[in-house]
Amino acid sequence: MRRRFLPLAAAVLLLASPAARAGLYYSGEVFAELPSQWRGFLLDQRALRAIALKPTSATPATPDRVKYEAALKKLREASRQRKLSADERADEGALLVRLGETAKAVEVLRSAQRDNPHHFRLAANLGTAWQLQGEFAQAAASLEEAVRLAPGKLVEAEKTHLRLVRLRLRPARDGQELDDIFGIRYVGESGKYEPGRLAAAESKKLPAGAAEVAQQLALWLPADGRLLWQLAELAGAHGDVRTAAAIMDGCVTEFGLRAPELRQHRQANRAAADALAKKGAATDEGAKAAHEGHALAFKPRSSRPLASKDDTADLPPVSATGVNSLSWSVLSATALDRQFKPTFPKYLRELADKQVSLTGFMQPLGEDAELASFLLVENPVGCWYCEMPEVVGIVFVELPPEKNIAYARTMVKVEGKLTLNATDPENFLYTVGRAKVTRID
157 MRRRFLPLAA
167 AVLLLASPAA
177 RAGLYYSGEV
187 FAELPSQWRG
197 FLLDQRALRA
207 IALKPTSATP
217 ATPDRVKYEA
227 ALKKLREASR
237 QRKLSADERA
247 DEGALLVRLG
257 ETAKAVEVLR
267 SAQRDNPHHF
277 RLAANLGTAW
287 QLQGEFAQAA
297 ASLEEAVRLA
307 PGKLVEAEKT
317 HLRLVRLRLR
327 PARDGQELDD
337 IFGIRYVGES
347 GKYEPGRLAA
357 AESKKLPAGA
367 AEVAQQLALW
377 LPADGRLLWQ
387 LAELAGAHGD
397 VRTAAAIMDG
407 CVTEFGLRAP
417 ELRQHRQANR
427 AAADALAKKG
437 AATDEGAKAA
447 HEGHALAFKP
457 RSSRPLASKD
467 DTADLPPVSA
477 TGVNSLSWSV
487 LSATALDRQF
497 KPTFPKYLRE
507 LADKQVSLTG
517 FMQPLGEDAE
527 LASFLLVENP
537 VGCWYCEMPE
547 VVGIVFVELP
557 PEKNIAYART
567 MVKVEGKLTL
577 NATDPENFLY
587 TVGRAKVTRI
597 D
């Protein structure tokens with residue numbers, strides 16, 4: 157059997173662009189209200205982290221890195237014609253940080269701050285750049301100034317960032333202890349760690365906006381594994397042991413954190429998540445219900461922290477005979493109602509049954525080395541549970557009969573006939589059939 161379906165309804169239950177108030181203060185990013193749903197947050201946080209990865213022949217630059225590189229190039233071209241404003245220089249520093257060029261970012265931001273000593277974004281971005289360079293004393297000095305200059309809604313996040321940097325100035329147990337940024341212990345009423353539960357006395361000490369602030373910090377510093385650990389503990393404190401376990405898995409497997417406390421909590425949350433699954437409470441909602449009365453209420457304000465700009469206004473006319481370039485923003489404009497019934501945007505409906513081309517990354521449906529079909533997603537996925545794209549961001553690709561292709565980790569270009577599915581919940585929303593697949597090295 158060629159197809160191995162992940163039913164649409166089941167996929168939605170598993171779900172928890174890029175660019176939030178996320179990360180550095182960069183004007184090219186569109187903000188959403190925090191906290192975000194955990195799955196959406198993890199997707200965007202990983203996308204931000206991937207921007208800093210230097211491209212290689214095996215792993216080409218992500219679409220987001222390409223966009224950030226283009227934005228930086230544009231600013232530098234402008235600087236040769238005129239003097240950049242303070243806001244533009246803050247953007248330049250933020251882009252350099254995102255792209256992993258922290259030493260250059262420090263140089264740019266220090267120079268800009270000397271010219272503009274009372275500019276908030278310059279001070280905040282410089283503090284982050286210093287921190288990523290491992291210069292915590294300089295980072296603390298810059299962040300003290302950022303706290304003084306911050307607008308009201310950002311003061312708490314900046315204060316917490318400053319507190320984090322000051323904690324990092326001290327030697328850590330095992331080099332990887334959990335940062336005590338909220339002044340609480342993640343324990344149950346017994347005084348010991350209890351997955352999905354937080355003692356009432358500790359709940360009272362936890363700031364109401366703790367999840368919002370912690371997500372903000374982890375978006376500013378997406379490569380900081382200890383901040384992800386903090387988020388895992390917060391997810392558990394809100395009763396979501398499944399998310400807590402998944403994030404802790406990433407802390408150990410992707411970030412290499414080795415603290416005994418983290419490993420113990422990871423095992424405890426994994427056991428609790430497995431027990432819930434056996435009881436039929438495998439969804440996030442089920443997990444919350446199972447811990448009702450023992451956990452904090454988590455009320456996300458957005459599905460994703462990084463809202464992508466609508467770039468569908470200037471799309472080219474649809475060709476009935478040629479190959480039409482299909483963008484992920486067009487696909488993500490599809491809306492799902494409570495019954496998961498899709499409403500496709502007009503432009504996408506016009507592309508139905510036409511030849512389209514789309515670039516992305518392959519996600520195998522099974523263990524076979526040679527693939528007759530696969531999923532195409534916009535960005536590479538490490539952990540399918542933690543980073544699974546939304547249903548509207550998954551395309552099922554099927555090759556012609558008797559054709560197979562070897563799995564590739566690099567970006568690929570897919571060309572074929574687009575089919576839209578609005579009626580069958582056991583199938584994917586989009587299929588590109590009789591597809592031709594080309595690796596982009």
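FYI, in the numbering used here the residues of the sequence shown are 157 to 597. All C-beta atoms in this analysis are idealised placements derived from N, C-alpha and C, irrespective of residue type, glycine included.
A distance below 6 Å between beta-carbons, with the five flanking residues on each side excluded, links Glu-554 to the following residues of its chain, in chain order: Ser-529, Gly-589. Between the stretch 396-413 and the stretch 421-435, the count of C-beta pairs closer than 8 Å reaches three or more; the two stretches touch. Here the stretch 561-580 makes contact with the stretch 498-518; the two share three or more CB pairs at distances below 8 Å. Around the Cβ of Ala-356, a 10 Å sphere holds fewer than 16 other Cβ atoms; the residue is exposed. According to the DSSP assignment, Phe-276 belongs to the alpha helix (DSSP H) that extends over 276-288. The beta-carbon distance between Gln-269 and Leu-282, rounded to whole angstroms, is 6 Å. This is short enough to meet the 8 Å contact definition. Glu-546 and Lys-497 have their C-alpha atoms spaced approximately 14 Å apart. One Cα belongs to Leu-482, the other to Thr-575, and the distance between them is close to 13 Å. Straight-line measurement puts the Cα of Gly-249 at about 17 Å from the Cα of Arg-238.
A direct Cα-Cα distance of roughly 11 Å separates Val-551 from Asn-583.
Assigned with DSSP and collapsed to three states, Lys-223 falls in helix. Residue burial is scored here from C-beta neighbours: Ser-267 has fewer than 16 other C-beta atoms within 10 angstroms and is therefore classed as exposed.
Three or more Cβ pairs closer than 8 Å define a contact, and the stretch 215-229 falls short of that threshold against the stretch 409-425. The Cβ neighbour count for Thr-316, taken over all protein chains shown within 10 Å, is at least 16; the residue is labelled buried.
Short of 6 Å from the beta carbon of Leu-471, and not among the five residues preceding or following it, lie these beta carbons of its own chain, in chain order: Tyr-503.
The Cβ-Cβ distance between Leu-507 and Val-486 falls below 9 Å.
About 5 Å separates the Cβ atoms of Ser-192 and Ser-458, confirming a contact at the 8 Å cut-off. Under the 10 Å beta carbon count, Arg-422 is surrounded by 16 or more other beta carbons and is classified as buried.
Counting C-beta atoms within 10 angstroms of its own C-beta, Asp-271 has fewer than 16 neighbours from the protein chains shown and is therefore classed as exposed. In its chain, beyond the 5 residues on either side, Ala-401 have a beta carbon closer than 7 Å to the beta carbon of Arg-426.
In this structure Gln-289 does not touch Val-321 by the C-beta definition: roughly 12 Å separates them, more than the 8 Å allowed.
Leu-325 counts as exposed, since fewer than 16 other C-beta atoms from the protein chains shown sit within 10 angstroms of its C-beta.
Residue pairing by DSSP places Pro-498 opposite Leu-492 in a beta bridge. The beta carbon of Ala-491 sits closer than 6 Å to those of Thr-499, all from its chain and outside the five residues before and after it, given in chain order. Val-512 is bridged by DSSP to Asn-480, Gly-572. Per DSSP, the unbroken beta strand (DSSP E) holding Phe-552 starts and ends at 550-554.
Per DSSP, the beta-bridge partners of Met-518 are Leu-532. Between the stretch 368-384 and the stretch 192-210, the count of C-beta pairs closer than 8 Å reaches three or more; the two stretches touch.
Residues of the same chain with a CB within less than 7 Å of the CB of Leu-305, apart from the 5 flanking positions on each side, are His-274, Phe-276, Ala-279 in chain order.
If you draw a straight line from the Cα of Leu-255 to the Cα of Glu-558, it is about 42 Å long.
Note on Pro-327: under 16 other CB atoms within 10 angstroms of its CB, so exposed under the neighbour-count rule. Comparing C-alpha distances from Arg-319 to each of Glu-301, Pro-307, Pro-456, Phe-338 shows the shortest one belongs to Phe-338. Around the beta-carbon of Thr-212, fewer than 16 other beta-carbon atoms lie within 10 Å, marking it exposed.
Collapsing the DSSP output to three states places Ser-485 in a helix.
DSSP, reduced to helix, strand and coil, places Ala-591 within a strand of the structure shown.
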